[in-house]
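See below for the structure under consideration.
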Amino acid sequence: MLTTVVCKKDGCKGNRFKISVQRLKVLLICTECKNTEKLKREANTIFPTICSKCTGEVFKVCRNNEEKNIIFECTNCNHKFVYTP
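Following the working numbering from start to finish, the sequence shown increments by one per residue and tops out at 85.
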(Lines of atoms letter the chains of each structure in order from A and count residues from 1; the text may use other names and numbers.)
(Lines give C-alpha, C1' and ligand atoms only; values in the text may rest on other atoms or scores of the structure.)
Protein backbone atom coordinates (compact mmCIF):
# COMPACT_ATOMS: atom_id res chain seq x y z
CA MET A 1 0.00 0.00 0.00
CA LEU A 2 1.33 3.45 -0.94
CA THR A 3 1.13 6.32 1.52
CA THR A 4 1.72 9.88 0.31
CA VAL A 5 4.16 11.84 2.45
CA VAL A 6 2.63 15.11 3.68
CA CYS A 7 4.45 17.90 5.51
CA LYS A 8 4.35 17.38 9.28
CA LYS A 9 4.33 21.06 10.25
CA ASP A 10 1.09 22.15 11.93
CA GLY A 11 -1.21 23.90 9.48
CA CYS A 12 0.72 22.86 6.35
CA LYS A 13 -0.67 20.26 3.97
CA GLY A 14 2.13 20.40 1.42
CA ASN A 15 2.95 17.18 -0.42
CA ARG A 16 5.68 18.40 -2.76
CA PHE A 17 9.30 18.43 -1.69
CA LYS A 18 12.75 19.47 -2.84
CA ILE A 19 15.54 17.04 -1.99
CA SER A 20 18.83 17.92 -0.31
CA VAL A 21 21.56 15.44 0.63
CA GLN A 22 23.76 16.08 3.67
CA ARG A 23 26.22 13.37 4.68
CA LEU A 24 24.15 10.32 5.62
CA LYS A 25 20.79 12.08 5.61
CA VAL A 26 18.35 13.02 2.91
CA LEU A 27 16.32 16.14 3.64
CA LEU A 28 12.85 16.57 2.21
CA ILE A 29 12.10 20.30 2.09
CA CYS A 30 8.42 21.23 1.82
CA THR A 31 7.88 23.62 -1.09
CA GLU A 32 5.05 25.39 0.76
CA CYS A 33 6.49 26.11 4.21
CA LYS A 34 10.20 25.08 3.88
CA ASN A 35 9.91 22.63 6.81
CA THR A 36 12.35 19.70 6.58
CA GLU A 37 11.98 15.98 7.20
CA LYS A 38 15.06 13.76 7.50
CA LEU A 39 15.50 10.31 5.96
CA LYS A 40 18.49 8.07 6.68
CA ARG A 41 20.42 6.66 3.74
CA GLU A 42 23.15 4.10 3.20
CA ALA A 43 26.70 5.45 3.01
CA ASN A 44 27.37 4.29 -0.56
CA THR A 45 23.98 5.20 -2.00
CA ILE A 46 23.84 7.80 -4.75
CA PHE A 47 20.73 9.86 -4.22
CA PRO A 48 19.55 12.22 -6.99
CA THR A 49 18.33 15.69 -6.07
CA ILE A 50 16.97 16.48 -9.54
CA CYS A 51 14.97 14.44 -12.03
CA SER A 52 17.19 12.49 -14.43
CA LYS A 53 14.67 12.97 -17.23
CA CYS A 54 13.76 16.68 -17.12
CA THR A 55 16.01 18.15 -14.35
CA GLY A 56 12.92 19.07 -12.29
CA GLU A 57 13.63 19.76 -8.62
CA VAL A 58 10.24 19.12 -6.98
CA PHE A 59 8.92 15.65 -6.13
CA LYS A 60 5.86 13.97 -4.66
CA VAL A 61 6.98 11.31 -2.20
CA CYS A 62 5.21 8.04 -1.35
CA ARG A 63 6.13 5.27 1.06
CA ASN A 64 5.46 1.69 0.05
CA ASN A 65 4.79 -0.01 3.37
CA GLU A 66 4.73 -3.54 1.91
CA GLU A 67 8.08 -3.37 0.10
CA LYS A 68 9.68 -0.95 2.59
CA ASN A 69 10.80 1.55 -0.05
CA ILE A 70 10.18 5.17 -0.97
CA ILE A 71 8.99 6.36 -4.38
CA PHE A 72 9.87 9.82 -5.66
CA GLU A 73 7.80 11.20 -8.56
CA CYS A 74 8.87 14.32 -10.45
CA THR A 75 6.06 16.88 -10.51
CA ASN A 76 7.15 18.14 -13.96
CA CYS A 77 7.28 14.92 -16.00
CA ASN A 78 5.97 12.20 -13.61
CA HIS A 79 9.24 10.23 -13.92
CA LYS A 80 9.69 8.00 -10.84
CA PHE A 81 12.63 6.54 -8.99
CA VAL A 82 12.55 4.13 -6.08
CA TYR A 83 14.78 4.31 -3.02
CA THR A 84 15.16 1.25 -0.80
CA PRO A 85 16.79 2.07 2.55
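Every residue gets a Cβ at the ideal spot worked out from N, C-alpha and C, and that includes glycine.
Which residues mark the beginning and the end of the beta strand (DSSP E) in which residue i is found?
i, result
"N64", "V58 to N64"
"N140", "Nothing in the structure corresponds to residue 140, since the chain is present only between 1 and 85."
"C30", "K25 to C30"
"I46", "No beta strand (DSSP E) holds I46; DSSP gives it neither H nor E."
Excluding five sequence neighbours on each side, which residues of the same chain lie with their C-beta closer than 6 Å to the C-beta of residue i?
i, result
"H79", "C51 and K53"
"I70", "R63 and Y83"
"V5", "V61"
Alpha carbon to alpha carbon, how far is residue i from residue j?
i, j, result
"V61", "F72", "5 Å"
"L2", "K68", "10 Å"
Tell me, to the nearest whole angstrom, how far the beta carbon of residue i is from that of residue j; I am working on the premise that it is less than 8 Å.
i, j, result
"K34", "L24", "About 22 Å; that fails the 8 Å criterion."
Closer than 7 Å by C-beta to residue i: which residues in its own chain qualify, once you throw out the five before and the five after it? Chain order, please.
i, result
"F81", "P48 and F72"
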